[in-house]
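K.L.:
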Amino acid sequence: LCRKATEWMEALQIFHEMAEDRVKRDTITFNATISACDKGRAWEPALRLVREMADHRVERSTITFNAAISSCKEGGVWILAAQLLSEMVGGQVERNTITFNAALSACEKGGAWEPSLQLLRA
9 LCRKATEWME ALQIFHEMAE DRVKRDTITF NATISACDKG RAWEPALRLV REMADHRVER
69 STITFNAAIS SCKEGGVWIL AAQLLSEMVG GQVERNTITF NAALSACEKG GAWEPSLQLL
129 RA
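Numbering of the sequence shown is given in this note's numbering, commencing with residue 9 and proceeding in unit increments.
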């Protein structure tokens, strides 16, 4: 457990070193780092990376959003998960079963049963 708790920090450090070394960071490298943050229960850095992707005009995929939404459940920040889901709709990013399961889990962890009902109707 201790190893998993720090792996996201190592992934984030390597990711930032890539930028310092002028190595191009693409959707795949962002997604891998966001997934590492999700696994490490680090929702804040995961969401910062999603914003950074938008700022640098890096394509955000279903995988990007799924990992970011999943990270929201650990922080109980269901409202942020809902915002990400809304961004997917606005950006015409495909949503799938994983997307909705992650969003429902975030609502459940945040004690937000009404929004979860709305997700089921979406």
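Even for Gly, the Cβ is constructed at its ideal location relative to N, Cα and C.
Suppose you measure from the CA of cysteine 10 to the CA of arginine 49; what does that come to, to the nearest Å?
P.N.:
Annotation note: pLDDT 42 at cysteine 10 (below 50); position unreliable, coordinate value reported separately. Answer to the nearest angstrom: the Cα atoms are 12 angstroms apart.
K.L.:
Please report the distance separating the alpha-carbon of aspartate 63 from that of arginine 56.
P.N.:
10 angstroms
K.L.:
Mind listing, in chain order, the continuous alpha helix (DSSP H) runs of no fewer than 4 residues lying wholly within the region 18-92?
P.N.:
Runs of the alpha helix (DSSP H) inside the region 18-92: 35-47, 51-63 and 70-83.
K.L.:
What do you reckon, are the CB atoms on serine 8 and alanine 110 nearer than 7 angstroms?
P.N.:
What is shown of the chain runs 9 to 130, which leaves residue 8 out entirely.
K.L.:
Residues in the same chain with beta-carbon distance under 7 angstroms from serine 38, minus the five sequence neighbours each way, listed in chain order, please.
P.N.:
The residue you asked about is not serine; residue 38 is phenylalanine in the sequence shown. Here the set comprises Leu57, Met61, Val66 and Thr72.
K.L.:
Select from Val85, Arg59 and Ile36 the residue whose C-alpha is nearest the C-alpha of serine 113.
P.N.:
Val85
K.L.:
Excluding five sequence neighbours on each side, which residues of the same chain lie with their C-beta closer than 6 angstroms to the C-beta of glutamate 102?
P.N.:
Thr70
K.L.:
Exposed or buried, isoleucine 42, counting other C-beta atoms within 10 Å across all chains shown (16 or more means buried)?
P.N.:
buried
K.L.:
Could you compute how far the alpha carbon of arginine 33 sits from the alpha carbon of alanine 120?
P.N.:
For arginine 33 and alanine 120, the gap between their C-alpha atoms comes out near 35 angstroms.
K.L.:
Is DSSP giving glutamate 116 helix, strand or coil here?
P.N.:
When secondary structure is reduced to three states using DSSP, glutamate 116 falls in the helix class.
K.L.:
With DSSP run on the structure shown, which of helix, strand or coil describes asparagine 100?
P.N.:
Before going further, note that residue 100 is glutamine rather than asparagine in the sequence given. DSSP places glutamine 100 in coil when its eight states are reduced to three.
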